[in-house]
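For the sequence shown, the positions run 271 to 514 when my numbering is used. From the three backbone atoms N, C-alpha and C, an ideal C-beta is built for every residue, glycine too. Computed from a prediction, not measured in an experiment: that's the story for all the values here.
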Amino acid sequence: MSTRTAVVTGASSGIGEATARELTEQGYHVYVGARRVDRLEKLAAEIGGTALPLDVTDEDSVRTFTDAIESCEVLVNNAGGAKGLATVAEADLDDWRWMWETNVLGTLRLTKALLPKLIASGDGLIVTITSVAAFHAYDNGSGYTTAKHAQAVLHRTLRGELLGRPVRLTEIAPGAVETEFSLVRFDGDAERASKVYDGIDPLVAKDIAEIIGFVASRPPHVNLDTIIVKPRDQADPGRFARRS
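Here it is as structure tokens:
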């Protein structure tokens with residue numbers, strides 16, 4: 271039997287990297303894509319996967335990436351992120367454009383390009399990593415919450431459009447996960463980023479990767495539509511039980 275193929279975007283760190291390792295353990299040959307190629311190549315060498323440069327905001331980059339993938343059983347749309355915590359009144363439109371290009375249009379580009387191969391596999395799976403921000407609005411988070419709501423609706427719409435086709439779709443919406451997410455949001459300010467997780471036990475990348483692995487291991491007739499996962503210390507995006 272030929273090796274099954276999985277594709278993971280945003281795989282140079284965090285959830286993407288952990289997911290690539292998890293799917294490799296399940297027997298997949300994993301194509302990892304991101305902009306930081308040096309990290310990708312190191313990861314691919316460790317797991318026996320294939321590293322390909324990928325910028326999900328660039329049409330040509332996506333085309334080159336997806337053309338290099340002959341077949342695909344699993345697509346994990348993980349690339350995304352947040353920029354800043356501006357109010358609507360003080361919104362930075364460049365930050366908004368980046369968030370929409372990365373989270374929404376990036377997911378659309380990859381999914382659209384690989385969909386024929388996922389269908390042709392006879393048992394395809396699309397996992398889209400959204401966020402609890404796809405279910406809640408919170409002050410100073412409008413750029414990210416609107417992008418994540420849109421990304422989630424894109425994914426949920428596809429669930430109906432592919433009904434009857436051999437493709438399953440799972441949305442995973444994490445709460446606070448300690449990765450480079452906050453470092454990106456705060457433009458490299460490590461001290462400010464670390465304070466996001468002060469006083470709580472956050473999720474880690476491996477927690478989400480193991481859930482993705484569980485989803486991928488279900489039989490073809492089982493579709494886990496939506497999985498919301500948060501730390502025990504979190505109720506919603508802005509409500510935590512913090513220990514001093």
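Identify, in the order they occur along the chain, each residue of the same chain with its Cβ nearer than 7 Å to the Cβ of residue i, setting aside the five sequence neighbours on each side.
| i | result |
| --- | --- |
| residue 391 | 341, 342, 343 |
| residue 501 | 445, 446, 470, 471, 472, 473 |
Just mark residue i as buried or exposed, buried being the case when its beta carbon has 16 or more other beta carbons within 10 Å.
| i | result |
| --- | --- |
| residue 373 | buried |
| residue 347 | buried |
| residue 430 | exposed |
| residue 319 | buried |
| residue 458 | exposed |
What residues in its chain sit with their C-beta under 6 Å from that of residue i, if we drop five residues either side in the sequence?
| i | result |
| --- | --- |
| residue 496 | 441 |
| residue 406 | 506, 507 |
| residue 294 | 300, 317 |
| residue 333 | none |
| residue 321 | 302, 310, 311, 314 |
| residue 402 | 443, 445, 507 |
| residue 306 | 282 |
Look at residue i and residue j and say whether their C-beta atoms are less than 7 Å apart.
| i | j | result |
| --- | --- | --- |
| residue 327 | residue 410 | no |
| residue 475 | residue 339 | no |
| residue 290 | residue 302 | yes |
| residue 400 | residue 352 | no |
| residue 282 | residue 315 | no |
| residue 448 | residue 472 | yes |
| residue 481 | residue 503 | no |
Round the Cβ separation of residue i and residue j to the nearest angstrom and send it over; I've been treating them as touching at under 8 Å.
| i | j | result |
| --- | --- | --- |
| residue 388 | residue 423 | Not confirmed; about 20 Å, so no contact. |
| residue 597 | residue 439 | Residue 597 lies beyond the residue range present for the chain, which begins at 271 and ends at 514; the question has no answer from this structure. |
| residue 408 | residue 369 | About 15 Å separates the two Cβ atoms, so there is no contact after all. |
Measuring straight from C-alpha to C-alpha, what distance separates residue i and residue j?
| i | j | result |
| --- | --- | --- |
| residue 483 | residue 288 | 10 Å |
| residue 309 | residue 477 | 21 Å |
| residue 510 | residue 445 | 11 Å |
| residue 271 | residue 393 | The predicted model places residue 271 with a pLDDT of 45, which falls under 50 and marks its position as unreliable; any figure quoted below should be read in that light. Straight-line Cα distance between these residues: approximately 14 Å. |
| residue 508 | residue 467 | 12 Å |
| residue 299 | residue 292 | 11 Å |
| residue 345 | residue 336 | 11 Å |
| residue 464 | residue 454 | 12 Å |
| residue 460 | residue 359 | 26 Å |
| residue 297 | residue 311 | 19 Å |
| residue 279 | residue 376 | 10 Å |
| residue 364 | residue 275 | 35 Å |
| residue 421 | residue 354 | 19 Å |
| residue 371 | residue 491 | 33 Å |
| residue 323 | residue 435 | 30 Å |
| residue 513 | residue 493 | 38 Å |
| residue 417 | residue 485 | 24 Å |
| residue 383 | residue 367 | 22 Å |
| residue 325 | residue 487 | 28 Å |
| residue 433 | residue 499 | 26 Å |
| residue 386 | residue 452 | 35 Å |
Beta-carbon within less than 8 Å of residue i's beta-carbon, same chain only, minus the 5 sequence neighbours each way: which residues are those?
| i | result |
| --- | --- |
| residue 428 | 381, 396, 439 |
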